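Here the structure comes first, spelled out in structure tokens, and everything after it is commentary.
Protein chains: 2
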Amino acid sequence: MKKSLGPKIVVGATVVWVVGTYDREGRPNLMTAAWGGVCCGDPPCLGVSLRKATYSHGSIVEQKAFTINIPSAAYAKEADYVGIASGRDADKWQTTGLTPVHGDLVNAPYVAEFPIVLECRLLHTMELGLHTHFIGEIMDAKVDDLVLGDGDFLSIEKVEPFFFVPGGRDYHAIGRSIEKPFSAGISFRTNQKRRE
Amino acid sequence: MKKSLGPKIVVGATVVWVVGTYDREGRPNLMTAAWGGVCCGDPPCLGVSLRKATYSHGSIVEQKAFTINIPSAAYAKEADYVGIASGRDADKWQTTGLTPVHGDLVNAPYVAEFPIVLECRLLHTMELGLHTHFIGEIMDAKVDDLVLGDGDFLSIEKVEPFFFVPGGRDYHAIGRSIEKPFSAGISFRTNQKRRE
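In structure tokens, the structure reads:
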């Protein structure tokens, strides 16, 4: 039996991304976003949505650039903190001990300590309501040597990203491997039914 | 040391969502999407990106409606299959044994067997390149009784969503609880450094 909960954001689990920006004075800032995802394969683009009230929002509009930083579960406390403090009055880097590194290709800082960072240039800005949806083109992905295996395959167990659960009570780390993409479903093919 | 991988989609892990649509003849279809995320809190909106070549793409454009269905890890094979077969020639419902239910509020079918389903009306369509970014307003979220705890809190362990890893080799289930959102970071507050 399904229960109708109304027009609510109940989507299972979302990403936890940390957005890096420079403000008008060139000071680096960070904030956490759970409203985000990939939105195009070529050019490689992602979308991230921020409330207008956030300090980072104005910085993205001004700089037309941001980074997305993927924290490991080991940095869950830091990622949570940068989502509850404001860059208007707190220096979140100094508070957490995280280290800003200037992007190579865009005017935005990335987090040295996180295993994956993406430099993005702002492509589109959409006002949707409470949140502004920023679409950024991924100009470069930088990954820690430590989380890359042979052939630059990502070891997601070593990255250990974690997730936010809207309507839930906890952050959750990534779990066990279950199936192979583009392969697990092939067994159904032998039984495939054609359209009538 | 970070290694630059260039403009690639290396984002840790993404959602695995199954998109439900009706085609022009009213036949239900399903496809898997890993390019998706929440993009506004109010009105509650999500974005999902599909290649123009997919059969579902045309159905969303025509019907201006779709569902997002969150599969459990137990349905990883089915979710993988509906991402590799095309609704042009395969009846994916009959092949997998999944059951289409007509949406209450929008003209799109949802998957009876999946623990969370969202009925969405199409709000915006953005051409980004290889993928079209569809933004849908969540009109209703329906959740299985079995995955709801007291006070309609979602038990994400019971939902057991799973994730796709671009650049990786496996789907991964959600893992252990690690920290409390909007709480884990509070400890940094006592040490908070003010902006210079």
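Sequences listed follow chains A and B, in order. If you read the first sequence in the numbering used here, its first letter stands for residue 19, the second for the next number, and so on. If you read the second sequence in the numbering used here, its first letter stands for residue 19, the second for the next number, and so on. The C-beta atom is built at its ideal place from N, Cα and C for all residues, glycine as well. Since this is a predicted model, take the numbers as computed values, not measurements.
At a CB-CB cut-off below 8 Å, which residues of chain B make contact with A:LYS211?
-> ALA108, ASP109, GLN112 and THR113
Note to self: Using a Cβ-Cβ distance cut-off of 8 Å, determine whether B:HIS151 contacts chain A.
What the structure shows: yes
I want to see whether chain A comes within less than 8 Å of B:HIS120, judged by CB atoms only; does it?
no
### Task
Assign A:THR208 to one of two classes, buried (16 or more other C-beta atoms within 10 Å of its C-beta) or exposed (fewer than that).
exposed
- prompt: Considering only residues of the same chain and omitting the five flanking positions on each side of B:LEU64, which have a CB-CB separation below 8 Å?
  reply: GLY54, GLY55, VAL56, CYS57, ILE86, LEU136, CYS138, ILE153, GLY154 and ILE156
Q. Rounded to a whole number of angstroms, what is the C-alpha to C-alpha distance between A:LEU166 and A:LEU172?
A. 5 Å
Cβ neighbour criterion (16 or more within 10 Å) applied to B:MET19: exposed
- Query: How close, in whole Å, do the beta carbons of B:LYS95 and B:ASN47 come, if the pair is a contact with beta carbons under 8 Å?
  - Reply: Rounded, the Cβ-Cβ distance is 18 Å, inconsistent with contact.
What residues in the stretch 155-167 of chain A bring their beta carbon closer than 8 Å to a beta carbon of chain B?
GLU155, ILE156, MET157, ASP158, ALA159, LYS160, VAL161, ASP162, ASP163 and LEU166
Fill in: Any chain A beta carbon closer than 8 Å to B:GLU197
yes
Practice problem: Report, in whole angstroms, the separation of the C-beta atoms of A:ILE267 and B:VAL183, which I expect to be a contact under 8 Å. | Solution: Residue 267 of chain A lies beyond the stretch modelled for chain A, which goes from 19 to 214, so this question has no answer here.
Examine chain A for any beta-carbon lying closer than 8 Å to the beta-carbon of B:GLY59, and answer yes or no. yes
**Study point:** chain A contact for B:HIS75 (CB, 8 Å cutoff)
**Key:** no
Legend entry - Which listed residue (B:VAL129, B:ASN125 and B:LEU123) has its alpha carbon closest to that of B:THR117: B:VAL129
- Message: Alpha carbons only, please: which of B:GLY30, B:PRO25 and B:LYS26 is nearest the one belonging to A:PHE132?
- Response: B:GLY30
Open item on the list: What does the Cβ neighbour count give for B:PHE200, buried or exposed, with the cut at 16 atoms within 10 Å?
Closed with: exposed
Practice prompt. Let me know the beta strand (DSSP E) ranges lying completely inside the stretch 60-142 of chain A, each 3 residues or longer, listed in chain order.
Written response: 62-69, 83-88, 118-120 and 127-129
Which residues in chain A have a C-beta closer than 9 Å to the C-beta of B:LEU148? List them in chain order. CYS58, GLY59, ASP60 and PRO61
Subject >> Segments of 3+ residues assigned as beta strand (DSSP E) that fall wholly inside the stretch 21-47 of chain A >> reply: 35-40
Handout entry: Length of the line joining the Cα atoms of B:THR150 and B:PRO62
Key = 20 Å
Listed by chain order, chain A residues near B:TYR40 by CB distance under 8 Å: Here the premise fails: no neighbours, minimum Cβ distance about 13 Å.
Q: Throw me the rounded Cβ distance for the B:ASP158 and A:GLY24 pair, which I believe falls under 8 Å.
A: 6 Å
Worksheet entry | Buried/exposed call for A:GLY169, threshold 16 Cβ in 10 Å | exposed
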